[in-house]
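*Asks:*
Number of protein chains: 2
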Amino acid sequence: MAEQKPRRSLADSRAVHDQVYDSIRQALITGKIAPGVGVSLRSLAAELGVSPMPVRDAVRRLVAERALAINPANKRLSVPSLSAERLEQLELARQWIEPELAARAAPRADEALVRKLKAIDQDLEEALRVGDVDRYMVANHAFHFAIYERAGAEVLLAMAGGLWLQIGPFMRVVFGRVGTGSLPADRHAEAMDALKTRDAEGARRAIAADLSEGMDKMRAAVEAGAGLTVAPAGQTVITVL
Amino acid sequence: MAEQKPRRSLADSRAVHDQVYDSIRQALITGKIAPGVGVSLRSLAAELGVSPMPVRDAVRRLVAERALAINPANKRLSVPSLSAERLEQLELARQWIEPELAARAAPRADEALVRKLKAIDQDLEEALRVGDVDRYMVANHAFHFAIYERAGAEVLLAMAGGLWLQIGPFMRVVFGRVGTGSLPADRHAEAMDALKTRDAEGARRAIAADLSEGMDKMRAAVEAGAGLTVAPAGQTVITVL
DNA sequence: AGGCTTGCATTGTGATCGCAATTATCGACT
DNA sequence: AGTCGATAATTGCGATCACAATGCAAGCCT
Numbered sequence: 038m039a040e041q042k043p044r045r046s047l048a049d050s051r052a053v054h055d056q057v058y059d060s061i062r063q064a065l066i067t068g069k070i071a072p073g074v075g076v077s078l079r080s081l082a083a084e085l086g087v088s089p090m091p092v093r094d095a096v097r098r099l100v101a102e103r104a105l106a107i108n109p110a111n112k113r114l115s116v117p118s119l120s121a122e123r124l125e126q127l128e129l130a131r132q133w134i135e136p137e138l139a140a141r142a143a144p145r146a147d148e149a150l151v152r153k154l155k156a157i158d159q160d161l162e163e164a165l166r167v168g169d170v171d172r173y174m175v176a177n178h179a180f181h182f183a184i185y186e187r188a189g190a191e192v193l194l195a196m197a198g199g200l201w202l203q204i205g206p207f208m209r210v211v212f213g214r215v216g217t218g219s220l221p222a223d224r225h226a227e228a229m230d231a232l233k234t235r236d237a238e239g240a241r242r243a244i245a246a247d248l249s250e251g252m253d254k255m256r257a258a259v260e261a262g263a264g265l266t267v268a269p270a271g272q273t274v275i276t277v278l
Numbered sequence: 038m039a040e041q042k043p044r045r046s047l048a049d050s051r052a053v054h055d056q057v058y059d060s061i062r063q064a065l066i067t068g069k070i071a072p073g074v075g076v077s078l079r080s081l082a083a084e085l086g087v088s089p090m091p092v093r094d095a096v097r098r099l100v101a102e103r104a105l106a107i108n109p110a111n112k113r114l115s116v117p118s119l120s121a122e123r124l125e126q127l128e129l130a131r132q133w134i135e136p137e138l139a140a141r142a143a144p145r146a147d148e149a150l151v152r153k154l155k156a157i158d159q160d161l162e163e164a165l166r167v168g169d170v171d172r173y174m175v176a177n178h179a180f181h182f183a184i185y186e187r188a189g190a191e192v193l194l195a196m197a198g199g200l201w202l203q204i205g206p207f208m209r210v211v212f213g214r215v216g217t218g219s220l221p222a223d224r225h226a227e228a229m230d231a232l233k234t235r236d237a238e239g240a241r242r243a244i245a246a247d248l249s250e251g252m253d254k255m256r257a258a259v260e261a262g263a264g265l266t267v268a269p270a271g272q273t274v275i276t277v278l
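Heads up: the sequence lines are chains B and P, in that order. Under this note's numbering, think of the first position of the first sequence as 38, with each following residue one higher. Under this note's numbering, think of the first position of the second sequence as 38, with each following residue one higher.
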């Protein structure tokens with residue numbers, strides 16, 4: 038404790054609640070917060086070293102994006118569990134929106150984007166070799182959204198972001214169990230080739246295939262009974278803000 | 038003023054921020070808040086007779102759902118304007134998700150649902166005759182979502198709700214200009230027929246056609262230059278909470 | 001000794017206060 | 001009289017306090 042309180046003088050960078058939001062969001066996407074575990078505003082606030090207020094704001098956003106769920110009786114919030122129905126709908130939505138974004142990004146791709154993707158993909162492969170699931174999750178997210186952002190479709194991009202936010206925790210759990218050996222990375226090469234040649238339909242197919250492979254694994258895991266409240270002694274471990 | 042403050046004793050019905058959310062949401066869907074006009078937390082709070090705090094919470098949700106926008110420089114919030122790009126993406130998303138929901142609802146339709154739809158549709162026709170745009174907006178929303186809720190697809194339903202929230206203000210503006218004479222209601226009969234016979238593809242087509250007609254009007258209006266900041270002396274006029 | 005109740009700690013929610021920044025309004029100066 | 005600058009008001013953000021409700025656990029009673 039005994040954190041210095043510099044009165045947060047200048048309205049410098051970004052609002053605190055935004056930083057808190059990003060922290061929790063990143064923790065969810067990379068699966069640092071396990072599904073099913075309950076979190077409290079004050080505990081999160083204490084962990085991040087801020088007052089409960091900006092945490093409240095961030096949590097409101099995340100609840101609105103369905104990345105966090107709030108028990109209507111308890112009012113206590115937790116990471117929602119992923120039922121088979123939810124997974125089916127999320128897969129359907131992803132299969133529609135993400136290939137569409139890739140197809141829209143293809144004509145707008147350039148050398149810099151491909152280089153950036155190449156770098157991310159190499160980091161991803163490295164993570165796979167080492168077996169670093171966290172790093173794989175981050176890199177995979179970065180790869181997909183580096184493409185999607187290029188589509189210049191703000192509304193669709195936001196929808197895709199919301200979908201990732203909802204399945205993120207489970208991707209982590211599933212991939213953490215399956216092991217990093219069988220994770221899909223091969224389709225990324227196809228996607229990069231398609232982008233390089235500005236082949237919209239090729240990019241669409243590559244992303245669709247990439248999604249299918251990943252979601253197949255998740256569906257298998259959920260059907261195997263991983264749907265409910267995994268992660269026993271889940272320490273929250275939010276990244277430091 | 039001099040509002041009584043009964044200390045909000047019992048944790049009775051729902052939280053205040055939820056009621057505030059519904060008020061603003063309803064105002065947006067029915068177009069009571071015009072796009073482009075700036076609103077402030079404290080003014081909204083004063084109008085609703087609550088403290089700025091629950092309004093903040095409600096606004097956070099709405100911003101997360103992109104029903105409200107917040108100027109990154111000013112930090113001042115307003116109803117986002119609808120650009121041609123935004124409209125195109127919203128239309129695409131609606132055209133994908135809403136027929137899908139209708140198709141899923143069809144096999145689960147029953148007599149009670151059809152009766153309910155019939156009642157809503159009669160109210161809608163009545164509103165058309167009288168020329169009550171507000172009432173038409175409410176009835177139209179009720180009609181569509183009475184169907185969509187039947188699909189039992191929570192994730193997709195939430196996405197559809199978010200989309201309506203984003204175009205709501207503009208539907209109101211556009212339909213308010215076009216007049217209620219040429220509003221699409223005929224497709225509703227097709228939809229009800231399809232639901233009555235549990236014809237999934239028929240329901241899908243009917244909703245798709247209904248959307249097309251409505252969106253055509255909006256696109257025409259936006260291209261005609263209604264995209265930016267309509268409603269001059271827009272009084273906010275939130276429904277009473 | 002077991003089931004139930006009472007007490008305390010924790011939680012979410014709302015209100016109020018303080019602060020920095022932006023906006024609006026009005027006065028002064030050329 | 002028109003434009004610029006300074007003061008006052010408003011705004012969003014964050015912190016702290018207050019309160020009702022819930023969760024948890026120890027203690028009591030039979």
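No residue lacks a Cβ here, since even glycine has one placed at the ideal position from N, Cα and C. Quick caveat: nothing in here was measured; it's all calculated off a predicted structure.
Whole-angstrom Cβ separation of Pro117/P and Pro72/P, contact assumed at under 8 Å?
*Replies:* At roughly 7 Å, the Cβ-Cβ gap stays under 8 Å, so Pro117/P and Pro72/P are in contact.
*Asks:* Got a sec, what are the start and stop residues for the alpha helix (DSSP H) Ala83/B sits in?
*Replies:* Run containing Ala83/B: Leu78 to Leu85, per the alpha helix (DSSP H) assignment.
*Asks:* Output, in chain order, the set of chain P residues within a Cβ distance shorter than 9 Å of Val53/B.
*Replies:* What Val53/B touches in chain P: nothing, since even the nearest Cβ is about 13 Å away.
*Asks:* State the Cα-Cα distance for the pair Ala142/P and Ala106/B, rounded to the nearest angstrom.
*Replies:* So the two alpha carbons sit approximately 25 Å from each other.
*Asks:* In chain order, what residues of the stretch 164 to 177 of chain B put their CB closer than 8 Å to some CB of chain P?
*Replies:* Within the stretch 164 to 177 of chain B, no residue has a Cβ that lies closer than 8 Å to any Cβ of chain P.
*Asks:* What residues in the stretch 98 to 126 of chain P bring their beta carbon closer than 7 Å to a beta carbon of chain B?
*Replies:* Going along the stretch 98 to 126 of chain P in chain order, one finds Arg98, Ala101, Glu102, Arg103, Arg123 and Gln126 with a Cβ nearer than 7 Å to chain B.
*Asks:* So for Ile107/P, helix, strand or coil by DSSP?
*Replies:* Three-state result, Ile107/P: strand.
*Asks:* List, in order along the chain, the chain P residues whose C-beta lies closer than 9 Å to that of Asp94/B?
*Replies:* Near Asp94/B (Cβ distances below 9 Å), the residues of chain P are Arg93, Asp94 and Arg97.
*Asks:* Would you kindly report the start and end of the unbroken alpha helix (DSSP H) that includes Pro117/P?
*Replies:* Taken as a continuous stretch (DSSP letters only), Pro117/P belongs to no alpha helix (DSSP H), as it is neither H nor E.
*Asks:* What number of angstroms, rounded off, separates the C-alpha of Val53/B from the C-alpha of Lys112/B?
*Replies:* Each residue's alpha carbon lies about 24 Å from the other.
*Asks:* Does the beta carbon of Ala142/P come closer than 8 Å to any beta carbon on chain B?
*Replies:* Not an interface residue.
*Asks:* What's the gap between the Cα of Leu65/B and the Cα of Gly205/B?
*Replies:* Computed Cα separation, rounded: 6 Å.
*Asks:* Measure the C-alpha to C-alpha separation of Lys254/P and Lys153/P and round it to an integer number of angstroms.
*Replies:* Rounded to the nearest angstrom, the two C-alpha atoms are 27 Å apart.
*Asks:* With distances taken between CB atoms, is the gap from Ala104/B to Glu238/B smaller than 8 Å?
*Replies:* No. Outside cutoff.
*Asks:* Quickly, what does DSSP pair Gly279/B with across the bridge? List them, please.
*Replies:* What the structure shows of chain B is the stretch from 38 to 278, and residue 279/B is not part of that stretch, so it cannot be assessed.
*Asks:* Along the chain, where does the alpha helix (DSSP H) containing Val74/B start, and where does it finish?
*Replies:* That residue, Val74/B, is in no alpha helix (DSSP H); it is neither H nor E in DSSP.
*Asks:* Nearest to Trp201/P by alpha carbon, out of Arg187/P, Ala179/P and Glu122/P?
*Replies:* Of the candidates Arg187/P, Ala179/P and Glu122/P, the one whose C-alpha sits nearest the C-alpha of Trp201/P is Ala179/P.
*Asks:* Since Ala82/P contacts Val74/P with CB under 8 Å, what's their CB separation in whole angstroms?
*Replies:* That pair is no contact at about 17 Å.
*Asks:* Would Leu150/P count as contacting chain B if we go by Cβ distances under 8 Å?
*Replies:* No, Leu150/P does not count as interfacial toward chain B.
*Asks:* Got a sec: is the Cβ-Cβ distance from Ala82/P to anything in chain B below 8 Å?
*Replies:* It does not: the Cβ of Ala82/P has no partner Cβ on chain B nearer than 8 Å.
*Asks:* Can you list the residues of chain P that Ala195/B reaches, using a CB-CB cut of under 7 Å?
*Replies:* Those within 7 Å of Ala195/B in chain P are Arg103.
*Asks:* Rounded to whole angstroms, what's the CA-CA distance from Glu186/P to Glu148/B? Just pull it up for me.
*Replies:* Roughly 46 Å separates the two Cα atoms.
*Asks:* Which residue spans inside the stretch 185 to 217 of chain P form an unbroken alpha helix (DSSP H) run of at least 4?
*Replies:* Taking only runs of at least 4 residues, the alpha helix (DSSP H) segments lying wholly in the stretch 185 to 217 of chain P are 191 to 215.
*Asks:* If you count every other CB in all the chains shown that lies within 10 Å of the CB of Gln41/B, and 16 or more means buried, which is it?
*Replies:* Any reading at Gln41/B is ruled out, since the residue's pLDDT is 39, under 50, leaving its predicted position unreliable.
*Asks:* At a Cβ cut of 8 Å, what residues of the stretch 225 to 248 of chain P count as close to chain B, listed as they run along the chain?
*Replies:* Cβ contacts with chain B come from no residue of the stretch 225 to 248 of chain P.
*Asks:* Assuming the contact rule is C-beta atoms closer than 8 Å, Ala197/P and Leu138/P should be a hit. Round their C-beta distance to whole Å, please.
*Replies:* Rounded, the Cβ-Cβ distance is 6 Å, consistent with contact.
*Asks:* For the alpha helix (DSSP H) containing Arg152/B, name the first residue and the last one.
*Replies:* Glu148 to Val167 is the span of the alpha helix (DSSP H), which, as asked, contains Arg152/B.
*Asks:* Spatial neighbours of Val175/P within its chain, please: C-beta separation below 7 Å, excluding the five flanking residues on both sides.
*Replies:* Result list for Val175/P: Thr67, in chain order.
*Asks:* Can you find a CB in chain P that lies within less than 8 Å of the CB of Val192/B?
*Replies:* So yes, Val192/B belongs to the interface.
*Asks:* By DSSP, does Arg51/B sit in helix, in strand, or in coil?
*Replies:* Coil at Arg51/B, not helix or strand.
*Asks:* So is Val167/P buried or exposed if we call it buried at 16+ other beta carbons inside 10 Å?
*Replies:* Exposed, since its Cβ has fewer than 16 Cβ neighbours within 10 Å.
*Asks:* Apart from the five residues just before and just after Leu47/B, which ones in its own chain have a Cβ nearer than 7 Å to its Cβ?
*Replies:* In this prediction, Leu47/B has a pLDDT of 42, which is less than 50 and means its spatial position is unreliable; what the coordinates show is noted afterwards. Within the same chain, Leu47/B has no close Cβ partners at all.
*Asks:* What are the residues in the stretch 56 to 86 of chain B lying within 8 Å of chain P by C-beta distance?
*Replies:* Those would be none; no residue qualifies.
*Asks:* Could you check which residue in Asp230/B, Met208/B and Met229/B has the C-alpha nearest to that of Gly251/B?
*Replies:* Residue Met208/B is the option with its Cα nearest to Gly251/B.
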